[in-house]
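Shown next, in structure tokens, is the structure this report addresses.
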Amino acid sequence: MLTIEIPGFGTLKLDHLVLDYNGTLARDGRLDPDAARLLPKLARDFRLHVVTADTFGTVEAELSGLPVELRILRSGDHTAEKAAFVHELGAQNCVAVGNGNNDRAMLESAALGIVILGEEGAAIETLQTADIVVPSIGRALELLLKPKRLVATLRR
Numbered sequence: 000m001l002t003i004e005i006p007g008f009g010t011l012k013l014d015h016l017v018l019d020y021n022g023t024l025a026r027d028g029r030l031d032p033d034a035a036r037l038l039p040k041l042a043r044d045f046r047l048h049v050v051t052a053d054t055f056g057t058v059e060a061e062l063s064g065l066p067v068e069l070r071i072l073r074s075g076d077h078t079a080e081k082a083a084f085v086h087e088l089g090a091q092n093c094v095a096v097g098n099g100n101n102d103r104a105m106l107e108s109a110a111l112g113i114v115i116l117g118e119e120g121a122a123i124e125t126l127q128t129a130d131i132v133v134p135s136i137g138r139a140l141e142l143l144l145k146p147k148r149l150v151a152t153l154r155r
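Numbering of the sequence shown is given in numbering that gives the first Met the number 0, commencing with residue 0 and proceeding in unit increments.
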């Protein structure tokens, strides 16, 4: 668990890290090397969850050996399914990371929402609901490993 007091923002008690796969952890179905390097470090403090429709059919192989729980989306409404999963975990204890339009509700529901503005871009509505915008998954994960960066960005 990561507990951090952010003046004017509140106290975050984060147990779960919920990550979108394509566009967030991966590009074209291939896991980002920074994600592969940093996820095991984050597993010390968080339960790691990856939610994906597995568009490229590569997620199981790419995440093999990493300390993550995989949830393949099955419904016709991935936006609602992702948000429901965050609520199921306890939204007040979740940080969510994504970039796509179907990540918007998940980021909005979580105690902390981080959007990746990477090579695939990010949906404008998702950008508007996030608490923080970063250029890459590596930078997003580093925020959680160096939480004083969260304080610097979010304090009021």
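A virtual CB, placed ideally from N, CA and C, is assigned to each residue, including glycine. Remember, it's a predicted structure, so these values are computed and weren't measured experimentally.
Given residue i as reference, the closest of the options once Cα atoms are compared
i    : options            : result
E107 : V58, G120 and T125 : T125
G97  : A122, A83 and L88  : A122
T54  : T128, R73 and Q91  : R73
C-beta contact flag for residue i and residue j at 8 Å
i    : j    : result
A52  : H77  : yes
A35  : P66  : no
V94  : A82  : no
G22  : G117 : yes
H48  : E61  : no
S103 : F8   : Correcting the residue type first, residue 103 is Arg in the shown sequence and not Ser. No. Outside cutoff.
V114 : A129 : yes
L37  : L111 : no
D19  : G99  : yes
Segment limits, alpha helix (DSSP H) that includes residue i
i    : result
T57  : That residue, T57, is in no alpha helix (DSSP H); it is neither H nor E in DSSP.
E80  : H77 to L88
S36  : Note that residue 36 corresponds to Arg in the displayed sequence, not to Ser. Run containing R36: P32 to L41, per the alpha helix (DSSP H) assignment.
T128 : I123 to T128
R73  : R73 -> no alpha helix (DSSP H), and no H or E assigned at all.
K147 : K147 to L153
G137 : I136 to L144
Sequence-distant residues of its chain with Cβ nearer than 7 Å to residue i (five each side left out)
i    : result
K40  : L144
M105 : V17, K81, A82, V85, A95 and G97
A25  : D31 and E61
D27  : F55
Cut-off 8 Å between Cβ atoms - residues of its own chain near residue i, not counting five sequence neighbours on either side
i    : result
R148 : E141 and L142
P146 : L1 and I3
D33  : S135, I136, G137 and L140
Sequence-distant residues of its chain with Cβ nearer than 6 Å to residue i (five each side left out)
i   : result
F45 : L16
I71 : D53
Terminal residues of the beta strand (DSSP E) in which residue i lies
i    : result
E118 : It is not in any beta strand (DSSP E) - E118 carries neither H nor E in the DSSP assignment.
A95  : C93 to G97
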